[in-house]
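In my numbering, the protein residues as written are 2 to 424. Here's the structure, in structure tokens; my notes come after.
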Ligand SMILES: Nc1nc2c(c(=O)[nH]1)N[C@H]1C(S)=C(S)[C@@H](COP(=O)(O)O)O[C@H]1N2
Ligand SMILES: [Mo]
């Protein structure tokens, strides 16, 4: 592939998506060995050890290759005054596609993971209903279920970016509180219909069975729309860390409201003012007032490769790739810039563009060995465009932390080191 064949679509090396086919190998130096049979090209046909004897047989529950063991969640601080509290982050820079494997789904716990025996667990619906109901896990398994792919993102994800710093941050350390899975469960509306919601009920209060008794309030309109009591995650029972045996799943809204280890749904006239909807998750404004609730997560995207702490070895062609999502719809467009936002080109969408789910994008880029600033900018099906960091800071002032969906900038240095920067 010669230089003159590459059609540039924006500044500093972004290349037309039409060049995607047939150029995958040029950036990584495989060109000499891509003849299938290798004929006289010096390819070694020695039979490797693993092909000479049978390996272990089938097993009861799969495990991944030991050569991929480094792909891990990162667990942060362990604070003795906050037993079981904390978060782990998904290794976004090592994943492809849009589905997060269950063992790598991010976690955020306020009092650790309760060891719930489903035989002793109940889900109670009470408050402003015609008849209070209690469901066992077995009861719930008998209901018709629905499945959808949805992202889940903690309101605190990427918040540190609003405070500056993080030059050594990675996609995982800065943005790893987002994951995406196929969730299967019972529409909450089915269970609420059975209990009979009284006309004066305007909110539902959901409470978990963990030692934090974490609770959140949800307006009745959303509760009757797409909220589900999720029992399965990517086809298997919800993981203990994600809320086994059941969690509320509130599509597109801040992660905190998807109450795990769900044990009570109470219909009320007003929001219950739980700790996690009063002392936390409120967006501050420059005049020091704040919005009480910010429910849907913003329109957002992020380049996962190249990204923080990666290094590019040689000048040449790279596939820029990343993820985009919106709490208000599907992703309709992702643009990429290699010159810090001066010029933009449309990335291609790889795979599905589902409602309130991660969407993967990609665009080829020729790195000329000089400095570059890589950015992505998402637009959703409602026309919401991902803002710059300056826009968010101007809107919310300098003590804001939650719901940061600003454009991420990754700088590439002359030596190919990739770092988080503010432009
Ligand atoms: N009962 C209960 N539900 C909870 C939490 C919790 O600590 N206890 N954490 C919340 C927060 S802050 C987030 S971001 C999501 C995280 O879900 P995950 O751990 O499955 O990723 O769960 C929410 N639901
Ligand atoms: Mo969260």
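Idealized CB from N, CA, C, for every residue including glycine.
Excluding five sequence positions before and after residue 305, the CB atoms of its chain that fall closer than 7 Å to its own CB belong to 93, 94, 172, 322, 323, 324, given in chain order.
Each residue's CA atom was taken as its position, placing residue 234 and residue 240 some 7 Å apart. Residue 392: member of the alpha helix (DSSP H) spanning 390 to 397, first to last residue.
Annotation: the stretch 191 to 277 contains the following complete segments of the alpha helix (DSSP H) (minimum length 4 residues), in chain order: 221 to 224. Here the stretch 172 to 190 makes contact with the stretch 296 to 315; the two share three or more CB pairs at distances below 8 Å. Out of 127, 231, 139, 161, the CA that lies nearest to the CA of residue 206 is found in 127. Secondary structure at residue 8: coil, using DSSP grouped into helix, strand and coil.
Contact between the stretch 265 to 280 and the stretch 216 to 231 is established, with three or more Cβ pairs separated by less than 8 Å. Cβ atoms of residue 112 and residue 212 come within 8 Å of each other, at about 4 Å. Where residue 381 is concerned, there is no enclosing alpha helix (DSSP H), although the beta strand (DSSP E) around it starts and stops at 373 to 381. According to the DSSP assignment, residue 110 belongs to the beta strand (DSSP E) that extends over 108 to 110.
For residue 114, same chain residues with a beta-carbon under 6 Å away, outside a window of 5 residues either side, are 241, 242 in chain order. With a beta-carbon spacing of about 6 Å, residue 257 and residue 282 fall inside the 8 Å limit used to define contacts.
For residue 73, there is no enclosing beta strand (DSSP E), as DSSP marks it with neither H nor E. Taking 7 Å as the cut-off, one finds no heavy atom of ligand 2 near enough to the beta carbon of residue 112. The distance from the Cβ of residue 162 to that of residue 397 is about 13 Å, inconsistent with a contact at the 8 Å cut-off. A contact between stretches requires three or more CB pairs, one per stretch, nearer than 8 Å, and the stretch 357 to 374 meets this requirement with the stretch 6 to 14. For residue 124, the uninterrupted beta strand (DSSP E) run begins and ends at 123 to 128, by DSSP.
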